[in-house]
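The structure appears right after this line, and notes come after that.
Protein chains: 2
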Amino acid sequence: MRIGELSEATGTSRRLLRYYEEQGLIAPRRDRNGYREYDQANVDRVAQIRGLLAAGVPTRIIRRILPCLDNPRDIHLPDAPPEVLSALEDERDRMTRRVECLTRNRDAITDYLDTVCTRASVNG
Amino acid sequence: MRIGELSEATGTSRRLLRYYEEQGLIAPRRDRNGYREYDQANVDRVAQIRGLLAAGVPTRIIRRILPCLDNPRDIHLPDAPPEVLSALEDERDRMTRRVECLTRNRDAITDYLDTVCTRASVNG
DNA sequence: GTTGACCTTCACATCAATGTGAGCGCTCGA
DNA sequence: TCGAGCGCTCACATTGATGTGAAGGTCAAC
Chain Y
1 MRIGELSEAT GTSRRLLRYY EEQGLIAPRR DRNGYREYDQ ANVDRVAQIR
51 GLLAAGVPTR IIRRILPCLD NPRDIHLPDA PPEVLSALED ERDRMTRRVE
101 CLTRNRDAIT DYLDTVCTRA SVNG
Chain H
125 MRIGELSEAT GTSRRLLRYY EEQGLIAPRR DRNGYREYDQ ANVDRVAQIR
175 GLLAAGVPTR IIRRILPCLD NPRDIHLPDA PPEVLSALED ERDRMTRRVE
225 CLTRNRDAIT DYLDTVCTRA SVNG
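Sequences listed follow chains Y and H, in order.
So that you can map any letter, position 92 of the first sequence is 92 in the working numbering, and since no number is skipped, the others follow by simple counting.
One gets the working numbering by counting positions in the second sequence from 1 and adding 124 to each.
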């Protein structure tokens with residue numbers, strides 16, 4: 001599929017799809033005329049990228065973690081140098097902290113909404 | 125405490141502390157000479173803000189959710205208009221999606237690291 | 001009373017993620 | 001064969017979160 005179709009399928013502007021490519025997050029083949037050629041797997045990958053971006057993970061980190069996620073059974077970096085591994089560990093820990101922070105705050109919002117709702121139904 | 129001390133205590137630049145204030149996220153008292161005066165509660169609040177920012181929540185949303193979190197037992201917006209409540213619900217749902225995305229990817233990284241580690245100990 | 005370490009505001013700079021548009025090349029259907 | 005609609009690159013604009021620095025006020029210590 002070409003960029004317009006992927007854009008439709010992912011709800012992502014063409015501009016951004018090209019940007020992700022520039023950032024090394026996706027690598028479409030090129031058609032003879034220079035057009036980008038995507039396949040179905042790219043739809044999932046773009047969703048992945050956008051989820052991570054929305055969760056505050058910057059592209060330079062996404063670039064690092066994506067290779068580990070395609071095919072969890074495969075080793076994509078069999079000779080990954082220790083500093084890459086420890087960078088991954090750091091990022092994993094950062095993600096854990098984010099999850100905790102988001103969860104805590106989300107639960108507080110939920111409590112708040114529950115309280116407001118309860119009181120509204122009692123008082124109103 | 126003044127801005128320098130809060131900066132120390134939170135590991136946040138003075139510039140950013142002023143920025144958060146400008147964004148309506150904290151509201152320090154002013155001393156007679158114009159200096160900002162903070163108290164201990166601001167340390168937690170700044171940590172909260174930074175956690176949310178790191179998790180991809182923009183300041184305009186943080187501004188909205190902070191009032192619900194100070195004192196979960198209190199109703200801070202007893203007359204919150206329905207559109208604020210539904211905005212909060214939306215944000216809660218967005219946070220849930222972020223948590224899911226982060227968790228999924230973090231677990232994949234963990235699996236990856238485990239696999240690399242296992243193989244290293246088998247092969248090496 | 002001057003020095004130094006704070007504080008203030010204001011303003012311009014940067015970086016990442018995006019938008020927007022110009023100028024041009026394919027390609028397909030009328 | 002021409003125009004619409006897609007693609008390409010290049011480049012400048014914007015927004016949000018930050019850095020940095022200038023010009024100046026406050027205050028404590030010496």
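Heads up, the beta-carbon is just placed ideally off N, CA and C, and yes, glycines get one too.
For this session: Could you name the residues of chain Y that residue 233 of chain H contacts, counting a contact when the two beta carbons are closer than 9 Å?
Result: Along the second sequence, read from residue 1 onward, the residue named residue 233 of chain H stands at position 109. Going along chain Y in sequence order, the residues near residue 233 of chain H (Cβ under 9 Å) are 65, 68, 69, 88, 89, 91, 92 and 95.
For this session: Could you name the residues that DSSP lists as bridge partners for residue 156 of chain H?
Result: Locating residue 156 of chain H in the second sequence gives position 32, counting from the first residue. For residue 156 of chain H, which the question treats as bridged, DSSP gives no partner whatsoever.
Exercise. Quick one: what's got a C-beta closer than 6 Å to residue 1 of chain Y's C-beta in the same chain, skipping five residues either side?
Worked result: Sequence index remark: in the first sequence, residue 1 of chain Y carries index 1 (1-based). The answer, listed in chain order, is 38.
For this session: Give the DSSP bridge partners of residue 161 of chain H, in chain order.
Result: Counted from its first residue, the second sequence places residue 161 of chain H at position 37. Looking at the DSSP assignment, residue 161 of chain H forms a beta bridge with H/153.
For this session: Just the chain H side, please: which residues come within less than 7 Å of residue 56 of chain Y by C-beta, in chain order?
Result: Position 56 of the first sequence, counting from 1, holds the residue named residue 56 of chain Y. Ordered by position in chain H, the residues that pass the 7 Å Cβ test against residue 56 of chain Y are 178, 179 and 180.
Problem set entry | 8 Å contact criterion, which residue 104 of chain Y and residue 219 of chain H should meet: CB distance rounded | Numbered from its first residue, the first sequence carries residue 104 of chain Y at position 104. Numbered from its first residue, the second sequence carries residue 219 of chain H at position 95. Contact doesn't hold; Cβ gap of about 10 Å is too wide.
Exercise. So, are the CB atoms of residue 56 of chain Y and residue 148 of chain H less than 8 Å apart?
Worked result: Translated into the one-based positions of the first sequence, residue 56 of chain Y becomes position 56. Translated into the one-based positions of the second sequence, residue 148 of chain H becomes position 24. In this structure, residue 148 of chain H does not lie closer than 8 Å to residue 56 of chain Y by Cβ.
For this session: Could you check what DSSP says for residue 228 of chain H in three-state terms: helix, strand or coil?
Result: As a working mapping, residue 228 of chain H is identified with position 104 in the second sequence. In this structure, residue 228 of chain H counts as helix in the three-state DSSP scheme.
Exercise. Would the segment 128-145 of chain H and the segment 162-176 of chain H be scored as touching if the rule is three or more Cβ pairs under 8 Å?
Worked result: yes
For this session: Show which residues of chain H have a CB atom less than 7 Å away from the CB atom of residue 25 of chain Y.
Result: Residue mapping note: residue 25 of chain Y aligns to position 25 of the first sequence, counting from 1. Chain H residues near residue 25 of chain Y: none, gap ~13 Å exceeds 7 Å.
For this session: Check the Cβ of residue 98 of chain Y against every Cβ in chain H and list those closer than 7 Å, keeping chain order.
Result: For this step, residue 98 of chain Y is matched to residue 98 along the first sequence. Result: 178, 179 and 226.
Exercise. Do residue 223 of chain H and residue 99 of chain Y come within 8 Å of each other at the CB atom, strictly closer than that value?
Worked result: Counting from one through the first sequence, the residue named residue 99 of chain Y turns up at place 99. Counting from one through the second sequence, the residue named residue 223 of chain H turns up at place 99. Contact: yes.
Problem set entry | Span separating the alpha-carbon of residue 145 of chain H from that of residue 186 of chain H | Walking along the second sequence from the start, residue 145 of chain H turns up at place 21. Walking along the second sequence from the start, residue 186 of chain H turns up at place 62. Going from the Cα of residue 145 of chain H to the Cα of residue 186 of chain H covers about 12 Å.
For this session: Would you verify that the beta carbon of residue 240 of chain H is, or is not, closer than 8 Å to some beta carbon of chain Y?
Result: Taking the second sequence and counting its residues from 1, the one referred to as residue 240 of chain H is at position 116. Chain Y contact via Cβ: present.
Exercise. Chain Y partners of residue 230 of chain H, CB-CB under 8 Å?
Worked result: Translated into positions along the second sequence, residue 230 of chain H becomes position 106. Within chain Y, the residues near residue 230 of chain H are 92, 95, 96 and 99.
Exercise. For a contact meaning CB atoms closer than 9 Å, what does residue 113 of chain Y contact in chain H?
Worked result: Counted from its first residue, the first sequence places residue 113 of chain Y at position 113. Those are 192, 209, 212, 213 and 216, listed as they occur along chain H.
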